[in-house]
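K.L.:
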DNA sequence: GGCTAACCGGAAATTCATTTTCCGGTTCTG
DNA sequence: CAGAACCGGAAAATGAATTTCCGGTTAGCC
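Chains as they are written, first to last, in the numbering used here: chain A, 1 to 221; chain B, 222 to 442.
Structural data, given as structure tokens:
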């Protein structure tokens, strides 16, 4: 995480460890709902802690974002592995992963990477690349199965997922939406991804640099 | 527009009128590419004019945004009318309108409305509501035709269109994308909108308040 | 229980981007 | 060619966010 217990000093207190957990939980929820440009104050409010506490455990905002992003990548990889194991075919596994990504909005975490090179940087890059590779495998299988249209690639997919609207805002806001916008759009999207696809997609397809560039201009990370 | 010639005074100069046109053209392009949170300085740069000139013709940034939005609404209404006239069926007309909206990214303009009540406020609301009504008619027809899935409504649509990524950045930027992301996503989206649709959409459907609320939290307008 | 380092809250300082003003100099146009 | 209309862009005003700081509070070992 962010604090290593130096050999000679006192260890981290139990309440502090619990607070770090609360911060990460709150950050994850708030980022999912509103994107990671929300203020630290917002995260603090949601976690029930003060801003000072957050800065006690993370050197700066970006470090917090990175930590959350790593969590997303790893978790999604696990979900993917489990789906591949348990589902009867690649398409079912694929939709299951999509639903999970939409639910937690992990795709917006892909671009979080190298603005500043922090200590968790390498871990993040590794987790992200591992997920992308797994996703590509799964999509290949779904395409060979004849279920997924063959003219989309991993980057298209991540970008599409990133474009989905946020899920319903949390507890606090008064004027909450009553619709599951994400769910509705995702369903339409999945239908659109089914093979063979009537529309002809403009070429060329997206590439990795496109993905990076898009997120850079879109989210500034 | 924004300047009325008072009866006794000199009329607006020809070069000034041309500049207003340039400002609107530049604003439209920049907003389409990067959203309307781009700075006025950006608009100025793109129009080849100074910031002072923009403020000479528009009392504040929001007034400029409104003017652009009105243009989008009216233009899209015209495109829709023409499409209905010329296309053989409702679905073709529908896709034509969708492609136009994606091209100019007019759907992100829907929420621009009543933050401050300006003089152009009523005109904007009228233009927007007219377009929404026309769109609803067209979707109804496409649904009765059996081409458009019946479980989506106008609000779903506007929201989906608003989620599409920006089109390829303009002249200036060095690291441009080489992909037509908008086009690819739109094609997938259109396939997903085809009747009958295999996926079952979460209910209830979106409503007008949902649309307003979504944009408020998403774009702050 | 008591001591002390670890911890917390949140106001205040800082930073940074953006909007908006302002005015000396320039350009149309009658 | 007079003079109002116009322009550019530096600088002031604003606003929103990040980050620091420190007096006051705990946890947890003795």
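The beta carbon of each residue, even a glycine, is placed where N, CA and C say it ideally should be.
In angstroms, rounded to a whole number, what distance separates the CA positions of residue 402(B) and residue 250(B)?
P.N.:
For this step, residue 402(B) is matched to residue 181 along the second chain. For this step, residue 250(B) is matched to residue 29 along the second chain. If you take the alpha carbons of residue 402(B) and residue 250(B), they lie about 17 Å apart.
K.L.:
Mapping the DSSP letters down to three states, classify residue 301(B) as helix, strand or coil.
P.N.:
Walking along the second chain from the start, residue 301(B) turns up at place 80. Residue state, collapsed to three classes: helix.
K.L.:
Using a Cβ-Cβ distance under 9 Å, would residue 325(B) count as near chain A?
P.N.:
As a working mapping, residue 325(B) is identified with position 104 in the second chain. It does not: the Cβ of residue 325(B) has no partner Cβ on chain A nearer than 9 Å.
K.L.:
To be precise: take each residue of the segment 293-316 of chain B, compare its Cβ to all Cβ atoms of chain A, and keep it if any distance is under 8 Å. Which residues remain?
P.N.:
Residues: none.
K.L.:
I believe residue 366(B) touches residue 419(B) by the beta-carbon criterion, under 8 Å. Please report the beta-carbon distance rounded to the nearest angstrom.
P.N.:
To locate residue 366(B), count along the second chain from 1; it is residue 145. To locate residue 419(B), count along the second chain from 1; it is residue 198. Rounded, the Cβ-Cβ distance is 19 Å, inconsistent with contact.
K.L.:
Would you identify the three-state DSSP class for residue 415(B), choosing helix, strand or coil?
P.N.:
Along the second chain, one-based indexing puts residue 415(B) at 194. Of the three classes helix, strand and coil, the one that applies to residue 415(B) here is strand, per DSSP.
K.L.:
With C-beta atoms as the reference, is residue 159(A) less than 9 Å away from residue 206(A)?
P.N.:
Walking along the first chain from the start, residue 159(A) turns up at place 159. Walking along the first chain from the start, residue 206(A) turns up at place 206. Yes.
K.L.:
If residue 409(B) sits next to residue 193(A), beta carbons under 8 Å apart, how far is it from one beta carbon to the other, in whole angstroms?
P.N.:
By 1-based counting over the second chain, the position of residue 409(B) is 188. By 1-based counting over the first chain, the position of residue 193(A) is 193. Residue 409(B) to residue 193(A), Cβ: 6 Å. Contact.
K.L.:
At what residue ranges does the segment 321-385 of chain B contain a whole run of the alpha helix (DSSP H), taking only runs of 4 or more?
P.N.:
342-365 and 375-384, all fully within the segment 321-385 of chain B.
K.L.:
So what does DSSP say about residue 42(A), is it helix, strand or coil?
P.N.:
Indexing the first chain from 1 puts residue 42(A) at position 42. Reduced to three states, the DSSP call for residue 42(A) is helix.
K.L.:
Skipping 5 residues on each side, what residues in its chain have a beta carbon closer than 6 Å to that of residue 294(B)?
P.N.:
Residue 294(B) sits at position 73 when you count from the first residue of the second chain. Closer than 6 Å at Cβ, skipping near neighbours: 348, 349 and 352.
K.L.:
The alpha helix (DSSP H) that contains residue 241(B), what's its start and end?
P.N.:
Walking along the second chain from the start, residue 241(B) turns up at place 20. Start and end: 235-255.
K.L.:
Inspect the CB distances between the segment 297-317 of chain B and the segment 272-283 of chain B and report whether three or more fall short of 8 Å.
P.N.:
The segment 297-317 of chain B vs the segment 272-283 of chain B: no contact.
K.L.:
Should residue 381(B) be flagged as near chain A, meaning a C-beta pair shorter than 9 Å?
P.N.:
Here residue 381(B) is taken as the residue at index 160 of the second chain, counted from 1. Output row for residue 381(B): interface = yes.
K.L.:
For residue 384(B), would you say it is in contact with chain A, using Cβ-to-Cβ distances shorter than 9 Å as the test?
P.N.:
Reading the second chain from its first residue, position 163 is the one you call residue 384(B). Chain A, which has a Cβ nearer than 9 Å to the Cβ of residue 384(B), makes this yes.
K.L.:
Counting only beta-carbon separations shorter than 9 Å, does residue 260(B) have a partner in chain A?
P.N.:
Here residue 260(B) corresponds to residue number 39 of the second chain, with the count starting at 1. No, no contact with chain A.
K.L.:
Which residue from 272(B), 273(B), 422(B) and 246(B) puts its Cα closest to that of residue 288(B)?
P.N.:
Walking along the second chain from the start, residue 288(B) turns up at place 67. Residue 246(B) is the option with its Cα nearest to residue 288(B).
K.L.:
Please report the straight-line C-alpha distance between residue 375(B) and residue 343(B), rounded to a whole angstrom.
P.N.:
Residue 375(B) sits at position 154 when you count from the first residue of the second chain. Residue 343(B) sits at position 122 when you count from the first residue of the second chain. Approximately 22 Å, taken between the alpha carbons.
K.L.:
With DSSP as the reference, label residue 465(B) as helix, strand or coil.
P.N.:
Shown here, chain B extends from 222 to 442; a query on residue 465(B) therefore has no answer.
K.L.:
Is any beta-carbon of chain A found at less than 9 Å from that of residue 418(B)?
P.N.:
In the second chain, residue 418(B) corresponds to position 197, counting from 1. Yes - at least one Cβ of chain A is within 9 Å of the one on residue 418(B).
K.L.:
Quick check: what's the CA-CA separation for residue 299(B) versus residue 190(A)?
P.N.:
Within the second chain, residue 299(B) is the residue found at index 78, counting from 1. Within the first chain, residue 190(A) is the residue found at index 190, counting from 1. So the alpha carbons of these two residues sit roughly 32 Å apart.
K.L.:
Rounded to whole angstroms, what's the CA-CA distance from residue 231(B) to residue 254(B)? Just pull it up for me.
P.N.:
Taking the first residue of the second chain as 1, we reach residue 231(B) at position 10. Taking the first residue of the second chain as 1, we reach residue 254(B) at position 33. Computed Cα separation, rounded: 37 Å.
K.L.:
What's the C-alpha gap between residue 196(A) and residue 252(B)?
P.N.:
Reading the first chain from its first residue, position 196 is the one you call residue 196(A). Reading the second chain from its first residue, position 31 is the one you call residue 252(B). One C-alpha to the other measures close to 35 Å.
K.L.:
Looking at the unbroken alpha helix (DSSP H) that takes in residue 277(B), where does it start and where does it end?
P.N.:
Against the second chain, residue 277(B) aligns to sequence position 56. It spans 272-278 - the alpha helix (DSSP H) in which residue 277(B) sits, taken as one unbroken run.
K.L.:
So, for residue 373(B): in the same chain, excluding its five sequence neighbours on each side, which residues have a beta-carbon less than 6 Å away from its beta-carbon?
P.N.:
Numbered from 1 along the second chain, position 152 holds the residue referred to as residue 373(B). There are no such residues.
K.L.:
Assign residue 207(A) to one of three DSSP states: helix, strand, or coil.
P.N.:
Here residue 207(A) refers to the residue found at position 207 of the first chain. Coil, per DSSP.
K.L.:
Restricting to Cα atoms, I'd like to know which of 12(A), 16(A), 109(A) and 204(A) is closest to residue 71(A).
P.N.:
Position 71 of the first chain holds residue 71(A). Here the closest residue by C-alpha is 109(A).
K.L.:
Kindly indicate if chain B contains any beta-carbon less than 9 Å away from that of residue 187(A).
P.N.:
Indexing the first chain from 1 puts residue 187(A) at position 187. Judged by the 9 Å Cβ criterion, residue 187(A) is in contact with chain B.
K.L.:
Can you tell me whether residue 386(B) is buried or exposed? The criterion is at least 16 other CB atoms within 10 Å of its CB, across all chains shown.
P.N.:
Counting from 1 along the second chain, the entry for residue 386(B) is found at position 165. So residue 386(B) counts as buried.
K.L.:
Nearest CA to the CA of residue 432(B): which residue from 378(B), 422(B), 400(B) and 407(B)?
P.N.:
Taking the second chain and counting its residues from 1, the one referred to as residue 432(B) is at position 211. Answer by Cα proximity: 378(B).
K.L.:
Work out the CA separation of residue 20(A) and residue 14(A) for me, nearest whole Å.
P.N.:
As a first step, residue 14(A) must be located in the first chain, where it is residue number 14. As a first step, residue 20(A) must be located in the first chain, where it is residue number 20. Approximately 10 Å, taken between the alpha carbons.
K.L.:
Let me make sure I understand the geometry here. Which of 200(A), 208(A), 88(A) and 179(A) has the alpha-carbon closest to that of residue 425(B)?
P.N.:
Here residue 425(B) is taken as the residue at index 204 of the second chain, counted from 1. Ranking the options by Cα distance to residue 425(B), first place goes to 179(A).
K.L.:
To which residues of the same chain is residue 101(A) closer than 7 Å at the C-beta, ignoring the five residues directly before and after it?
P.N.:
By one-based count along the first chain, residue 101(A) stands at place 101. 76, 107 and 161, listed in sequence order.
K.L.:
Please decide whether residue 413(B) counts as near chain A, where near means a Cβ-Cβ distance under 9 Å.
P.N.:
Position 192 of the second chain, counted from the first residue, corresponds to residue 413(B). Residue 413(B) counts as touching chain A.
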